[in-house]
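Input: a single structure, listed below in structure tokens.
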Amino acid sequence: DAGVTQSPTHLIKTRGQQVTLRCSPKSGHDTVSWYQQALGQGPQFIFQYYEEEERQRGNFPDRFSGHQFPNYSSELNVNALLLGDSALYLCASSHGSEQYFGPGTRLTVT
Amino acid sequence: GIQVEQSPPDLILQEGANSTLRCNFSDSVNNLQWFHQNPWGQLINLFYIPSGTKQNGRLSATTVATERYSLLYISSSQTTDSGVYFCAAQISSGSARQLTFGSGTQLTVLP
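Going down the list, the protein sequences come from chains A and B. Take the first sequence: its position 39, counted from the start at 1, is 39 in the numbering used here, and no numbers get skipped. Take the second sequence: its position 51, counted from the start at 1, is 1051 in the numbering used here, and no numbers get skipped.
Set out below in structure tokens:
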């Protein structure tokens, strides 16, 4: 049984560019959440998708957007990248309350 | 929103020692999870424990929901236990779905 998978593992982008991160949930899970973890801090909630709709959103600007597909996989898009967007981006899947996390995508903005 | 505080922020132990990590939260919760973050950044699920006590090998956890705290116990620590431990909580009221994380406890186990 595969766990949560994310791609790519690492990514380097230039300020002002756009990026798309991908997540496949654990088998049987229908809900995907995205978190941003800056160095030395705990993960911060970005948004959650369920039934292809954004169900809840954290305190992040509109530059952060997402999508969930019929197979429950999800994408996180960030436009107009800033240096401060450099972080580890974590995807979590769930069916019910308990969340399981993927290995993350480390984004570096130069 | 809910506040989640962890203590201590840093802990250094000799191999074989026992330790207790604490997590305080400011609101009623329907989800409380403990994670271990490995050096590559992956969050490993340790416990899903909104209330009560659970044990898994050398690790155990207790959540006292009425007093809004949770404890993670590590017994006979090993060097492989080193890393950052996070607790995360989800409030039980309204439509909240997000996990709110504490700042973590950095555990270092010396050989």
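Cβ coordinates follow ideal geometry from the N, Cα and C atoms, glycine included. Note that the structure is a prediction, hence the values are computed from the model and not measured.
Consider the Cβ of residue i: report whether some Cβ of chain B lies at a distance smaller than 9 Å.
i	result
Gln-68 (chain A)	no
Gln-18 (chain A)	no
Leu-107 (chain A)	no
Gly-58 (chain A)	yes
Leu-88 (chain A)	yes
Phe-64 (chain A)	no
Tyr-35 (chain A)	yes
Just how far apart, CA to CA, sit residue i and residue j?
i	j	result
Ile-1002 (chain B)	Ala-2 (chain A)	32 Å
Leu-1110 (chain B)	Thr-1080 (chain B)	10 Å
Phe-1025 (chain B)	Gln-37 (chain A)	20 Å
Gln-1055 (chain B)	Ala-1017 (chain B)	18 Å
Thr-1105 (chain B)	Gly-66 (chain A)	31 Å
Gln-56 (chain A)	Ile-1074 (chain B)	35 Å
Leu-1099 (chain B)	Leu-1011 (chain B)	24 Å
Tyr-1069 (chain B)	Thr-1063 (chain B)	6 Å
Leu-1071 (chain B)	Ile-12 (chain A)	38 Å
Gly-1052 (chain B)	Asn-1030 (chain B)	12 Å
Gln-17 (chain A)	Pro-61 (chain A)	16 Å
Ser-94 (chain A)	Ser-33 (chain A)	8 Å
Would you say residue i and residue j are within 9 Å of each other, going by their C-beta atoms?
i	j	result
Gln-1042 (chain B)	Gly-104 (chain A)	yes
Val-109 (chain A)	Leu-82 (chain A)	yes
Ala-80 (chain A)	Leu-107 (chain A)	no
Cys-23 (chain A)	Gln-48 (chain A)	no
Gln-1078 (chain B)	Glu-1005 (chain B)	no
Ser-97 (chain A)	Pro-1050 (chain B)	yes
Gln-99 (chain A)	Gln-1037 (chain B)	no
Does the Cβ of residue i have 16 or more other Cβ atoms within 10 Å, making it buried, or fewer, making it exposed?
i	result
Arg-1097 (chain B)	buried
Phe-69 (chain A)	exposed
His-10 (chain A)	exposed
Thr-14 (chain A)	exposed
Gly-1057 (chain B)	exposed
Thr-1066 (chain B)	exposed
Taking Cβ positions only, does residue i come closer than 9 Å to chain A?
i	result
Arg-1068 (chain B)	no
Tyr-1048 (chain B)	yes
Gln-1003 (chain B)	no
Arg-1097 (chain B)	yes
Leu-1043 (chain B)	yes
Phe-1025 (chain B)	no
**OP:** List in chain order: all unbroken alpha helix (DSSP H) runs of 4+ residues lying wholly within the stretch 71 to 106 of chain A.
**Re:** none
Original post:
Can you list, in chain order, the stretches of the beta strand (DSSP E) that have 3 or more residues and sit fully within the stretch 1026 to 1085 of chain B?
Top reply: 1029 to 1037, 1043 to 1048, 1052 to 1056, 1059 to 1064, 1069 to 1074
Original post:
Which parts of the stretch 28 to 73 of chain A are runs of the beta strand (DSSP E), unbroken and 3 residues or longer, counting only runs that do not cross its ends?
Top reply: 31 to 37, 44 to 50, 53 to 57, 64 to 68
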